[in-house]
Amino acid sequence: MTSNEPALNLTYDELYEEAQAMLSALSRNCSSPPDTFDRGCRRGVITLWYSLAMSIKDSGRDYHEDRRQLLLAGLTSESQEPPADVR
């Protein structure tokens, strides 16, 4: 599939920071406690970040550790446990 549109040009760090900002915005605007929709939105951000991060060649970063950190950042409080589907 060929596109004439400009390519997205982000560094790994910029992509990671954008994902953190999105999770922060979602955390501020969610129900309390977070419902299935809120958790799904956060999971979607992390899944999109992960798929884009994996396409960045030779970033030298630990994708799995950064994904774990994003999963933790998606929680609204330190006492809240992650959803059951988080691995």
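Letter by letter, the sequence shown follows residues 1161 to 1247 in our numbering. Note that beta-carbon positions come from the ideal geometry of N, C-alpha and C, so glycine has one too.
Rounded to whole angstroms, what is the Cα-Cα separation between residue i and residue j?
i            : j            : result
residue 1142 : residue 1198 : This structure leaves residue 1142 out entirely; the chain is present only between 1161 and 1247.
residue 1233 : residue 1201 : 13 angstroms
residue 1187 : residue 1203 : 12 angstroms
residue 1183 : residue 1177 : 10 angstroms
residue 1221 : residue 1207 : 17 angstroms
residue 1211 : residue 1179 : 12 angstroms
Looking only at its chain, what residues have a beta carbon closer than 7 angstroms to the beta carbon of residue i, apart from the 5 residues adjacent to it on each side?
i            : result
residue 1181 : none
Measuring from the CB of residue i, is there a heavy atom of the ligand ATP at a distance below 8 angstroms?
i            : result
residue 1203 : For the ligand ATP, the structure offers nothing, since it holds no ligand at all.
At 3 residues or longer, what runs of the beta strand (DSSP E) sit wholly inside the stretch 1168–1230? none
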